[in-house]
Amino acid sequence: MTNCFAQLFFVLSIVSIVVSQDLADTEGFSNDAPYTEEPKVKSIRAKVGTPIRQKCTNNMSNSTIWEYKECDSPYKNFACSNPEILNIKSNITWKRHSNKQRLEIDSLKKKHGGMYRCVEKGVVKKLFIIEVVGLNGYESPPPLVQSLLISNMTNQLNMEFTIQCNVTSSIPPTVIWFKKCYGSKCDIECDNICYCHLNVPTSSYSIGNIYINKMNIYNARDIDSGLYACLAVTEYGKDYKYVTINVPDTGVKGTGSGSFSLLFLIPLVLMVIPLLVWLCYVRRKKKSKVVVVANGQQQQALIKPSSTCRPTRTMV
């Protein structure tokens, strides 16, 4: 009988511990003191583009809610210094960020700066402030691409085009050139237009915060006509502009094809020259020899005497 009471007491103790722990997790109370345990406010300072991963609690819960309150650096204003932020029933407005167990931000931007808190079953479990800074302590505006400029040289046989891309940026941008294309060769798509990357040499220089990049098209032909785009990329964003180039028909293509067709006449000329020489030889061989006799007489053909004929002698 004593063993039965001992086992029953052990089971009841285990149940009371589990219930107490669950009560502490769900209501924010502990077994030692009847008050709400307020989380400490932590500060996270990270650069632009940094990923953020924060877990609410170690317990998996289906009632996790992440909330967000916008605050400007250095977070000394009323919204982030008010002690009422810990009170779930306060009048301070919070924006719901997500209902996942983890707070996940792939790439920090200036708009992500502020205060975050995790709430489970009406209790604030975690509270921290995120301060977003750039490389120099600020976030720069994205690059700005101006309208593309075109210059061409048409007073020469080989036509040349130059496309100039002017980019206004606080840091040196990466400039990439594209041309509109079709089919499966599409490298990037912008505004429902398919572009292919152009791996061509370019020249670049800067004047203050304006970065100039030039792309040259040598020996331009009809196939070089089309839509060209200049894309500028920095860690703060991107921008692009495009322009259309129409290569005029200079007629060089037609003249070249005519000259090329004349090459087929060379073998014919080489065949005609020996034929003419042979005809002249045959004609000259068949021509008879003619001499001129006394005036008034008719031209006679000289017939070479046969080798069997002998002159006769007259007896005196």
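Residue numbers (mature numbering (1 follows the signal peptide of the UniProt record, and there is no 0)): -20 to -1, 1 to 296. Cβ atoms here follow ideal geometry from the backbone N, Cα and C, with glycine treated the same way. Because the structure is a prediction, the values reported are computed rather than measured.
With 16 other Cβ atoms within 10 Å as the buried cut-off, status of Gly234: Residue confidence is low: Gly234 scores 43 on pLDDT, short of 50, so the model does not pin down where it sits. Its coordinate-derived value is still stated next. Exposed.
Burial state of Tyr185, where buried means 16 or more other Cβ atoms lie within 10 Å: It is exposed - the Cβ of Tyr185 has fewer than 16 other Cβ atoms within 10 Å.
One or two residues paired with His177 in a DSSP bridge: DSSP lists Phe158 as partners of His177.
Residues bridged to Ser183 (per DSSP): DSSP, once it has assigned bridges, lists Lys194 as partnering Ser183.
Simplified DSSP assignment, three categories, for Leu107: DSSP places Leu107 within a strand segment (E or B) once states are collapsed to three.
Whether Ile197 touches Cys145 by CB criterion (9 angstroms): Contact: no.
Alpha carbon of Asn189 to alpha carbon of Lys89, nearest angstrom: So the two alpha carbons sit approximately 23 angstroms from each other.
Reduced DSSP secondary structure (H/G/I, E/B, other) of Cys51: In the structure shown, the three-state DSSP call for Cys51 is coil.
Contact between the segment 93 to 111 and the segment 43 to 50 (3+ Cβ pairs under 8 angstroms): The segment 93 to 111 makes contact with the segment 43 to 50; the number of CB pairs closer than 8 angstroms reaches 3 or more.
Cβ-heavy atom distance, Gly217 to the ligand MN, below 8 angstroms: The ligand MN is not part of this structure, which contains no ligands at all.
Anticipated Cβ contact below 8 angstroms, Asp86 with Pro122, distance rounded: In fact, because the Cβ distance is near 18 angstroms, the residues do not count as touching under 8 angstroms.
Close Cβ partners of His177 (< 8 angstroms) along its chain, the five nearest in sequence each way excluded: Closer than 8 angstroms at the Cβ level, and outside the excluded window around His177, lie Ile156, Trp157, Phe158, Asp167 and Ile168.
Cβ separation of Ile130 and Val223, assumed to be a contact under 8 angstroms, to the nearest whole Å: Taking 8 angstroms as the upper bound for CB-CB distance, Ile130 and Val223 are in contact here, some 6 angstroms apart.
Leu107 vs Pro181 beta-carbon contact at 9 angstroms: Going by C-beta atoms, Leu107 is not nearer than 9 angstroms to Pro181.
Beta carbon of Ile173 nearer than 9 angstroms to that of Lys160: Against a cut-off of 9 angstroms, the Cβ pair of Lys160 and Ile173 comes out as a contact.
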